[in-house]
Amino acid sequence: MSRGGGVIPLSWLPWIRTAWALAALASLGTFVGTLLLTRQFADNLPERVALGLTALGWSHDAWFWFTIVTIAPLFTSGFVVGVAIFWLRPHDRMAFFTSVFLMTFAASNSFSPAKEYLSVVASAPLAFAIPNFLAGMLSFGLLAVFFATFPDGQFAPRWMRWIAAEGFLLSLAWNLFPAIVGDFSGPYANVVLVAVSVMFGGSLAGQVWRYRNYATPVQKQQTKWFVFGLVLIVGFLLVPSVILYGLDAADPKASVQIDLFVGAGNLAFLLLPISIAIAILRYRLWDIDILIRKTLQYALLTALLALAYFGSVVLLQSLFRSLTGGQSPAVVVISTLLIAALFTPLRRRVQEFIDRRFFRQKYDAQQVLAAFAITARDETDLAALTGELQRVVQETLQPEGISIWLRK
1341 MSRGGGVIPL SWLPWIRTAW ALAALASLGT FVGTLLLTRQ FADNLPERVA
1391 LGLTALGWSH DAWFWFTIVT IAPLFTSGFV VGVAIFWLRP HDRMAFFTSV
1441 FLMTFAASNS FSPAKEYLSV VASAPLAFAI PNFLAGMLSF GLLAVFFATF
1491 PDGQFAPRWM RWIAAEGFLL SLAWNLFPAI VGDFSGPYAN VVLVAVSVMF
1541 GGSLAGQVWR YRNYATPVQK QQTKWFVFGL VLIVGFLLVP SVILYGLDAA
1591 DPKASVQIDL FVGAGNLAFL LLPISIAIAI LRYRLWDIDI LIRKTLQYAL
1641 LTALLALAYF GSVVLLQSLF RSLTGGQSPA VVVISTLLIA ALFTPLRRRV
1691 QEFIDRRFFR QKYDAQQVLA AFAITARDET DLAALTGELQ RVVQETLQPE
1741 GISIWLRK
C-alpha cells in the first residue's frame, strides 16, 4: 500500500495505541468465547440440527469440528496479519485502520452458522457479550470503508461513501436484530443477501473505477490482487445461494445443508487477509514483507492441518461406525498423531511454496547456495572451486566485480 493514508500525529499515538489494544483484546476475547460457546452448542444441539445431522450421517463432534475448521483459519489469518501490520507500521493511518478492520472482522465473522446459535450468544456472560458486540459493530462498517478506500485511504470515487454507510447499517442491523439478519433460511434472507451483494458489488465497481481512472502504477499493482480476491468473494457468496435456492428450509436435513454451505462459504473471507498479504509480499505494501511471509506461512499451515484433522476424524468415525456400529475415542488419538507427523514436512513444503511464489530471488539464491555446498564438499580442484565460487557470488549478489585472494 502506498503511504497516501497519512502519518498519525505524535500527540495522537497514545490514544491510537490504546484504541488498537482494546480492539485486539475485544477480537481475541470474542474468538475465545466463540470456541467455548461452539463446544457448548455442539454438546446440546437443538432438535432441528440434531435431526438434520442424523439424516446426513454426521455426529455432534463432526459438527463441532466442521465449525472449528471453517472459523479458525479465518480468525487466525485476519488477526495475525492485522497485528503484524500495526506492529511494523504503527504511525501509518491506513495501517492502523486496516489492522483494526482485519482483527474485528475476523472475530465477528467467525461463528457457527446455525440460527439457534444466536440464542446461545444472547445468553452468554458479559465477558463475551461486550467484546462480541464491539467487534460486531465495527466489522461490516470497517469492511465497507476498507473496500472504499484501499489502497491509499481516500474515497475514490466519492459515491463509495454510500457503500461505506451501508456497511455500518448492516453492522447495526446485525447487532440489533441478530435473529432476523442471522437467519439464513428465514423470510428476510434474500433481503440480507441483496444488501450484502450490493455492498460487495459496489465495492468491486469502485475498485475497478479507481484502477482505471485514479490509481498510480504502483497502486494498480497493489490493487489488482485485492480486486481479484473481491471478485472471488462475490462469486463464493452467490454460488451457494443459487445452489441452495431450491432447498426446503422446513426440512431438517435441507436446513442443515444450508447451514453447512453457509459455514463453508464463510471461508471465502480468507481471501481478504490473503490478498493484502500478496500485495505486501509482491509489491511491498507498507514494506513489511518479512513478517507477513511468516504469517502467510503459518496461516496456510494452520488451515491445511485443520482440514486434514477434520477430514481424518470424519473419515475414521464413518469407518468405525460401519465396522462396529459405534464411535471410538481412538479416532481422535489417531488423527492427533497424524497431524503431529504431518507438521514438519508440511511446514517445509508450505515455506518452499511461498518462497518460490513470492520470494523468487531469495528462493533461487538459496538453491544456488545449496548446490554450491554440495560442490564444495566434493570438489578437490582449487581452480574449479574458485571458479564455481565466483559464479555463485555473481549469481546471488550480482556485484560489479569479483576478485578472490588466497593466502599461501
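Each residue of the sequence shown is one higher than the one before, counting from 1341 in my numbering.
Where is the CB? At the ideal position from N, CA and C, for every residue including glycine.
All values derive from a computational prediction rather than experimental measurement.
**Prompt:** DSSP three-state call for Asp-1492: helix, strand or coil?
**Reply:** As a position in the sequence shown, residue 1492 is number 152, starting the count at 1. Shown here, Asp-1492 sits in coil according to DSSP, grouped into three states, outside any helix or strand.
**Request:** Could you tell me whether the Cβ atoms of Leu-1483 and Phe-1437 are closer together than 8 Å?
**Result:** Taking the first residue of the sequence shown as 1, we reach residue 1483 at position 143. Taking the first residue of the sequence shown as 1, we reach residue 1437 at position 97. Taking the C-beta atoms as reference points, Phe-1437 is found no nearer than 8 Å to Leu-1483.
**Request:** For Asp-1432, name the three-state secondary structure that DSSP assigns.
**Result:** What you label residue 1432 is simply residue 92 of the sequence shown in a count that begins at 1. DSSP, read as helix, strand or coil, puts Asp-1432 in strand.
**Message:** I'd like to check one pair, Leu-1391 with Leu-1610: are the Cβ atoms closer than 8 Å?
**Reply:** What you label residue 1610 is simply residue 270 of the sequence shown in a count that begins at 1. What you label residue 1391 is simply residue 51 of the sequence shown in a count that begins at 1. A distance of 8 Å or more separates the beta carbons of Leu-1610 and Leu-1391.
**Message:** Do Ile-1618 and Trp-1565 count as a contact pair if the criterion is CB distance below 8 Å?
**Reply:** Your numbering for residue 1565 matches position 225 in the sequence shown. Your numbering for residue 1618 matches position 278 in the sequence shown. Cβ distance < 8 Å, so Trp-1565 and Ile-1618 count as in contact.
**Prompt:** Is it buried or exposed for Trp-1499, if we count other Cβ within 10 angstroms and need 16 for buried?
**Reply:** Within the sequence shown, numbered from 1, the residue matching residue 1499 stands at position 159. With fewer than 16 neighbouring CB atoms inside 10 Å of its own CB, Trp-1499 falls in the exposed class.
**Alpha carbon of Gly-1546 to alpha carbon of Gly-1346, nearest angstrom** = Reading the sequence shown from its first residue, position 206 is the one you call residue 1546. Reading the sequence shown from its first residue, position 6 is the one you call residue 1346. As the crow flies, the alpha-carbon of Gly-1546 is around 21 Å from that of Gly-1346.
**Message:** If I measure Cβ to Cβ from Asn-1606 and keep anything under 6 Å in the same chain, skipping five residues before and after, which residues do I get?
**Reply:** Within the sequence shown, the letter at position 266 stands for residue 1606. The answer, listed in chain order, is Thr-1410.
**Residues near Phe-1480 in its chain [Cβ-Cβ closer than 6 Å; skip 5 each side]** = Position 140 of the sequence shown, counted from the first residue, corresponds to residue 1480. Excluding positions up to five away in sequence, the list reads Gly-1507, Leu-1510 and Ser-1511.
**Asked** Would you say Gly-1493 and Pro-1613 are within 8 Å of each other, going by their C-beta atoms?
**Response** To locate residue 1493, count along the sequence shown from 1; it is residue 153. To locate residue 1613, count along the sequence shown from 1; it is residue 273. Against a cut-off of 8 Å, the Cβ pair of Pro-1613 and Gly-1493 comes out as no contact.
**Request:** For Val-1420, count neighbouring Cβ atoms within 10 angstroms of its own Cβ and tell me buried if that reaches 16, exposed if not.
**Result:** In the sequence shown, counting from the first residue as 1, residue 1420 sits at position 80. Flag for Val-1420 reads buried.
**Item:** Residue interval of the alpha helix (DSSP H) (run including Ser-1537)
**Value:** Walking along the sequence shown from the start, residue 1537 turns up at place 197. 1529-1553 is the extent of the alpha helix (DSSP H) around Ser-1537.
**Buried or exposed (CB count within 10 angstroms, at least 16 for buried), Thr-1370** = Residue 1370 sits at position 30 when you count from the first residue of the sequence shown. Buried, by the Cβ-count rule.
**Asked** So Thr-1378 is in the alpha helix (DSSP H); what residue range does that whole segment cover?
**Response** Within the sequence shown, residue 1378 is the residue found at index 38, counting from 1. That run of the alpha helix (DSSP H) goes 1353-1383.
**Message:** Quick check: the Cα distance between Thr-1407 and Ala-1361, rounded to an integer number of angstroms?
**Reply:** Locating residue 1407 in the sequence shown gives position 67, where the first residue counts as 1. Locating residue 1361 in the sequence shown gives position 21, where the first residue counts as 1. Answer to the nearest angstrom: the Cα atoms are 27 Å apart.
**Message:** In the DSSP output, what is Ile-1347 paired with across the bridge?
**Reply:** Counting from one through the sequence shown, the residue named residue 1347 turns up at place 7. Residue 1347 is actually Val in this sequence, not Ile. Per DSSP, Asp-1432.
**Request:** Under 8 Å by Cβ, that's how I've got Asp-1599 and Ala-1402 pegged, so tell me the actual separation to the nearest angstrom.
**Result:** In the sequence shown, residue 1599 corresponds to position 259, counting from 1. In the sequence shown, residue 1402 corresponds to position 62, counting from 1. At roughly 13 Å, the Cβ-Cβ gap does not stay under 8 Å, so Asp-1599 and Ala-1402 are not in contact.
**Message:** Please classify Trp-1398 as buried or exposed, where buried requires at least 16 neighbouring CB atoms within 10 angstroms.
**Reply:** As a working note, residue 1398 is residue 58 in the sequence shown. Buried, since its Cβ has 16 or more Cβ neighbours within 10 Å.
**Contact set for Ala-1608: own chain, Cβ-Cβ below 6 Å, skip 5 residues either direction** = In the sequence shown, counting from the first residue as 1, residue 1608 sits at position 268. The beta carbon of Ala-1608 lies closer than 6 Å to those of Ile-1573 and Phe-1576 in the same chain, with the five residues before and after it left out.
**Range covered by the alpha helix (DSSP H) that runs through Asn-1515** = Working through the sequence shown from its first residue, we reach residue 1515 at position 175. Run containing Asn-1515: 1500-1516, per the alpha helix (DSSP H) assignment.
**Item:** Beta-carbon proximity list for Thr-1489, same chain, < 7 Å, skipping 5 on both sides
**Value:** Here residue 1489 refers to the residue found at position 149 of the sequence shown. Cβ neighbours of Thr-1489 beyond the five flanking positions: Phe-1495.
**Request:** For Trp-1405, count neighbouring C-beta atoms within 10 Å of its own C-beta (all shown protein chains included) and say buried if the count is 16 or more, exposed if not.
**Result:** As a working note, residue 1405 is residue 65 in the sequence shown. Trp-1405 should be labelled buried.
**Request:** Would you identify the three-state DSSP class for Trp-1398, choosing helix, strand or coil?
**Result:** Your numbering for residue 1398 matches position 58 in the sequence shown. In the structure shown, Trp-1398 sits in coil (DSSP, three-state: anything other than H, G, I, E or B).
**Selection from Ser-1463, Glu-1387 and Arg-1689 that minimises the alpha carbon distance to Leu-1377** = Sequence index remark: in the sequence shown, residue 1377 carries index 37 (1-based). Here the closest residue by C-alpha is Ser-1463.
**Request:** Return the CA-CA distance between Leu-1375 and Gly-1603, expressed in angstroms with no decimal places.
**Result:** Along the sequence shown, one-based indexing puts residue 1375 at 35. Along the sequence shown, one-based indexing puts residue 1603 at 263. Spanning the two alpha carbons is a distance of roughly 15 Å.
**Prompt:** Per DSSP, what kind of secondary structure is Glu-1387 in: helix, strand or coil?
**Reply:** On the sequence shown, residue 1387 is found 47 positions in, with the first residue counted as 1. Looking at Glu-1387 - three-state DSSP - the assignment turns out to be helix.
**Request:** Verify whether the separation of the beta carbon atoms of Val-1461 and Ala-1363 is less than 8 Å.
**Result:** Counted from its first residue, the sequence shown places residue 1461 at position 121. Counted from its first residue, the sequence shown places residue 1363 at position 23. Their beta carbons are not under 8 Å apart, which means Val-1461 does not touch Ala-1363 by this criterion.
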